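Novice: Provided herewith is a single structure, encoded as structure tokens, for subsequent inquiry.
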Amino acid sequence: MKKFNSLRSIPAYLPIANIDTDMIIPKQFLKTIKRTGLGKSLFFDMRYDDNGNEIKDFTLNREPYNKSKILLAGKNFGCGSSREHAPWSLLDFGITCVISSSYADIFYNNCFKNGILPIVLEENKIKELSEYSKRKEEIAIDLEKEKIIFGNNEIKFEIDAFKKKCLLEGLDDIALSLEKSDKIVSFETELKNKKPWIFND
Amino acid sequence: MSLTLYDKIWNEHLVYQQEDGTSLLFVDRHLIHEVTSPQAFESLRNSSRKVRQPKLTLAVADHNVPTTDRSKGIDDEDSKIQVDTLEKNCKEFGIELFGMNDKRQGIVHIIGPEQGFTQPGTVIVCGDSHTATHGAFGSLAFGIGTSEVEHVLATQSLIQKKAKNFRINVNGQLPVGVTSKDVILQIIGKIGTAGGTGYVIEYAGSLISSLSVEQRMTICNMSIEGGARAGLIEPDQKIFDYLQGKPKSPKNKNWDQAMEYWKNLKTDSNAKFDKEINLTAEEISPMVTWGTSPQDVVTIDGKIPNPNNEKDTDKKNSMERSLKYMGLKADIPVNEIKIDKVFIGSCTNGRIEDLREAAKILKDKKKADHIHAMVVPGSGLVKEQAEQEGLDKIFINSGFEWREPGCSMCLAMNADKLKPKERCASTSNRNFEGRQGKGGRTHLVSPGMAAAAAIAGNLDDVRKYQN
Chain V
1 MKKFNSLRSI PAYLPIANID TDMIIPKQFL KTIKRTGLGK SLFFDMRYDD
51 NGNEIKDFTL NREPYNKSKI LLAGKNFGCG SSREHAPWSL LDFGITCVIS
101 SSYADIFYNN CFKNGILPIV LEENKIKELS EYSKRKEEIA IDLEKEKIIF
151 GNNEIKFEID AFKKKCLLEG LDDIALSLEK SDKIVSFETE LKNKKPWIFN
201 D
Chain R
1 MSLTLYDKIW NEHLVYQQED GTSLLFVDRH LIHEVTSPQA FESLRNSSRK
51 VRQPKLTLAV ADHNVPTTDR SKGIDDEDSK IQVDTLEKNC KEFGIELFGM
101 NDKRQGIVHI IGPEQGFTQP GTVIVCGDSH TATHGAFGSL AFGIGTSEVE
151 HVLATQSLIQ KKAKNFRINV NGQLPVGVTS KDVILQIIGK IGTAGGTGYV
201 IEYAGSLISS LSVEQRMTIC NMSIEGGARA GLIEPDQKIF DYLQGKPKSP
251 KNKNWDQAME YWKNLKTDSN AKFDKEINLT AEEISPMVTW GTSPQDVVTI
301 DGKIPNPNNE KDTDKKNSME RSLKYMGLKA DIPVNEIKID KVFIGSCTNG
351 RIEDLREAAK ILKDKKKADH IHAMVVPGSG LVKEQAEQEG LDKIFINSGF
401 EWREPGCSMC LAMNADKLKP KERCASTSNR NFEGRQGKGG RTHLVSPGMA
451 AAAAIAGNLD DVRKYQN
């Protein structure tokens, strides 16, 4: 996984609440067996008309937001299905940081597995940041210091320490868990004694 | 210390816990399907990792399979590649698979319980958000992403942080024509689509214990629509009776030992919940969704809400957006909304009792001429059972199509989908924009309500159709 440290970009602003994973990446794109190539289909139904042409006034189709690395969005972002295709499509488009007042649990977790930083911020602060989007000015994210820097201001955000470490170091959490193999083995041994039916033995 | 059922299952599965609470949780049961697993297997191969406990994973193709004649395989090239890839991966890693032509094939959340793979007190995961369905058996069941699928395959465990406890009590008896689907829609309307975010919900109360095992599954299934990754119900004799004799249920001595354990899976009487709400069953009516979020619910005798009555600007905007997408005007009576299609099926309502409920309403009646209606049984075994009971005849005589099992028009990944602006009464779980096909308009209802809509040609009150 690519390391996430700091980031600087003009944010794109999608002030819609409850953006679900069907909106982020509709089902016809779930037929892939790859993780890459989904960026062009991100927000497909909002981005393209019935003939497959780009809808000019949709934010992510417009300069400079078509190159945004930061997405400001309404509350409960990523609700619905567990499809990891949602973060994959954001990542493939180039978005590596989402800022919303709340997220659905599965989507939130999926972000961290892909080097995307989902920041939780109060709605009034997101409104404040959206002014920078409108003015096409950059904002910066500093994960190490847990800060969003804009103009002469900065806002602190909070993030789980372990998740932060994984992002900063680009850690493969399977490798981390495999380091605990001895603990898994002893858990399984005890389980076989205590609940033999679990293994259908 | 007094504990909830969730607390107890969590504690029993803790392999390791860091100081900050980040935990490694053992997974007893893992279900996989063709859409969210290929990338996980690919990564395993790339990093030369093995599947740790192949016997604890069960695979089935459901999202992408055709529901029409399967004798010639799958037409759609991409769907075929996914289904073939699942088969190849299962063979390579030694995982049991119910193939497309196996009569045990069906929707992953229907076959788990059907086979006795789903058991009380276990941790069950699947790369699908409706995994909460299995919580009806008193298990901790939740949806995971593909990277987590890979993690489970490689380590038989998951990195998790504990959620909070939320109890929803429903007491009393349901009025005639009101089902567990209406109960969960009512709950989602009440708590909102993010009301359960960060929580595991325990459903309790006299109504919940009076429900059948399958009705409980409908409730737990839609926990995610209320934001909760998992929803569960204390297991009782009904659950044990349901599981006894199932192919993958414990046998002989193991059964006795499992029963001893299962009987004690209860929330302590004075356990503390972080959040708790109460509902009265008698006050619940047949429900319909009017918008593009499962929280947009209204009773069948109600009217489409008016955004002008909403003071919160964000909510007002969101209502206006939904109404525009749905092609609906504020204040019109719900039972005047004309329907084009009816879909009965899905992991929410594709089990035998759901089909019986719909068939009971449809018996000796015809669907309205303009309606296209289909029934997609949740599994091959559900289909077989329904055919033994003659339910297929009732559906066919009413003008429904009787299909092969799969996810079908619940998410419209296969050929079963709505055309733009087509309006559907659907027993599925999501009414998101484009969910059942680009531009399609979904009204979530119970199986009985779907049957009533098919007969009337518009959304209608199932209570008028009690045979």
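Chains as they are written, first to last, in our numbering: chain V, 1 to 201; chain R, 1 to 467.
Every residue, glycine too, gets a C-beta built ideally from N, C-alpha and C.
Small disclaimer: the values here were computed from a predicted structure and weren't measured.
Determine the DSSP secondary structure at residue 158 of chain V, reduced to helix, strand or coil.
Specialist: In this structure, residue 158 of chain V counts as coil in the three-state DSSP scheme.
Novice: Anything in chain V within Cβ reach of residue 28 of chain R, meaning under 7 Å, just list it in chain order.
Specialist: Under the 7 Å cutoff, chain V gives 198.
Novice: How about the region 116–131 of chain R and the region 168–185 of chain V: do they share at least three Cβ pairs that are nearer than 8 Å?
Specialist: Verdict: no, contact absent.
Novice: Just to confirm before moving on: does the CB-CB distance between residue 29 of chain R and residue 105 of chain R stay below 9 Å?
Specialist: Contact: no.
Novice: Does the region 329–336 of chain R touch the region 298–306 of chain R, meaning 3 or more C-beta pairs lie closer than 8 Å?
Specialist: Yes, they touch.
Novice: Verify the CB distance criterion: does residue 411 of chain R have a CB-CB separation below 9 Å to chain V?
Specialist: Answer yes: the Cβ-Cβ gap between residue 411 of chain R and chain V drops below 9 Å somewhere.
Novice: From the DSSP output, in three-state form, read off residue 289 of chain R for me.
Specialist: Strand at residue 289 of chain R.
Novice: Hey, residue 376 of chain R and residue 395 of chain R are a contact pair by Cβ (cut 8 Å); roughly how many whole angstroms apart?
Specialist: With 8 Å as the limit, residue 376 of chain R and residue 395 of chain R do not qualify as a contact, their Cβ atoms being about 11 Å apart.
Novice: Since residue 130 of chain R and residue 143 of chain R should fall inside the 8 Å C-beta cutoff, what is the C-beta to C-beta distance between them, to a whole number of angstroms?
Specialist: Contact holds; Cβ gap of about 7 Å.
Novice: Would you please state the rounded distance, in angstroms, between the beta carbons of residue 135 of chain R and residue 48 of chain R? I believe it to be under 8 Å.
Specialist: Actually they do not touch by this definition, with Cβ atoms about 35 Å apart.
Novice: Determine, using beta carbons only, whether residue 148 of chain R comes closer than 9 Å to chain V.
Specialist: Yes, residue 148 of chain R counts as interfacial toward chain V.
Novice: Given a cut-off of 9 Å on the beta-carbon distance, is the pair residue 71 of chain V and residue 97 of chain V in contact?
Specialist: Cβ distance < 9 Å, so residue 71 of chain V and residue 97 of chain V count as in contact.
Novice: Assuming residue 149 of chain R is part of the alpha helix (DSSP H), what are its boundary residues?
Specialist: Here the alpha helix (DSSP H) through residue 149 of chain R covers 146–155.
Novice: Between which two residues does the beta strand (DSSP E) holding residue 199 of chain R run?
Specialist: Start and end: 199–204.
Novice: Helix, strand or coil, according to DSSP, for residue 407 of chain R in the structure here?
Specialist: Coil at residue 407 of chain R, not helix or strand.
Novice: Count the other CB atoms within 10 Å of the CB of residue 179 of chain V; is the residue buried (16 or more) or exposed (fewer)?
Specialist: So residue 179 of chain V counts as exposed.
Novice: What are the residues in the region 294–307 of chain R lying within 9 Å of chain V by C-beta distance?
Specialist: Flagged, chain order: 295.
Novice: In chain order, what residues of the same chain lie with their CB nearer than 6 Å to the CB of residue 79 of chain V, ignoring the 5 residues before and after it?
Specialist: Closer than 6 Å at Cβ, skipping near neighbours: 18, 20 and 104.
Novice: If you scan the region 374–446 of chain R from start to end, which runs of the beta strand (DSSP E) of 3 or more residues do you find wholly inside it?
Specialist: Those beta strand (DSSP E) runs which fall completely within the region 374–446 of chain R and span 3+ residues are 423–426 and 441–444.
Novice: The beta strand (DSSP E) spanning residue 9 of chain R covers which residue range?
Specialist: Element bounds for residue 9 of chain R: not the beta strand (DSSP E) but the alpha helix (DSSP H), 5–12.
Novice: Hey, residue 423 of chain R and residue 339 of chain R are a contact pair by Cβ (cut 8 Å); roughly how many whole angstroms apart?
Specialist: Confirmed, Cβ separation roughly 5 Å.
Novice: To the nearest angstrom, report how far apart residue 22 of chain R and residue 450 of chain R are at their CA atoms.
Specialist: Cα to Cα, residue 22 of chain R sits roughly 44 Å from residue 450 of chain R.
Novice: I want to see whether chain R comes within less than 9 Å of residue 278 of chain V, judged by CB atoms only; does it?
Specialist: Within the shown structure, residues of chain V are numbered from 1 to 201, placing residue 278 of chain V beyond reach of any answer.
Novice: Could you say which of R:146, R:258, R:51 and R:132 lies nearest to residue 201 of chain R if we only look at CA atoms?
Specialist: Per the Cα distances, R:132.
Novice: Thinking residue 367 of chain R and residue 373 of chain R are a contact (beta carbons under 8 Å), I'd like their distance in whole angstroms, please.
Specialist: Indeed, because the Cβ distance is near 5 Å, the residues count as touching under 8 Å.
Novice: Which whole runs of the alpha helix (DSSP H) in the region 187–243 of chain R are 4 residues long or more, in chain order?
Specialist: Listed in chain order, the complete alpha helix (DSSP H) runs (minimum 4 residues) inside the region 187–243 of chain R are 206–210, 213–221 and 237–243.
Novice: Please confirm if residue 42 of chain R has its CB atom under 9 Å from at least one CB of chain V.
Specialist: Chain V, which has a Cβ nearer than 9 Å to the Cβ of residue 42 of chain R, makes this yes.
Novice: Measure the alpha-carbon distance for residue 170 of chain V versus residue 167 of chain R and round it to whole angstroms.
Specialist: Rounded to the nearest angstrom, the two C-alpha atoms are 37 Å apart.
Novice: Residues in its own chain within less than 6 Å of residue 35 of chain V by CB, not counting five upstream and five downstream?
Specialist: Here the set comprises 88.
Novice: If we define contact as Cβ-Cβ less than 9 Å, is residue 63 of chain V a contact residue for chain R?
Specialist: Taking Cβ atoms only, chain R never reaches closer than 9 Å to residue 63 of chain V, which makes this a no.
Novice: Determine, for residue 139 of chain R, whether the minimum Cβ-Cβ distance to residues of chain V falls below 9 Å.
Specialist: Closer than 9 Å: no.
Novice: Measuring only between beta-carbons, confirm whether residue 250 of chain R sits less than 9 Å from chain V.
Specialist: Cβ-Cβ to chain V under 9 Å: yes for residue 250 of chain R.
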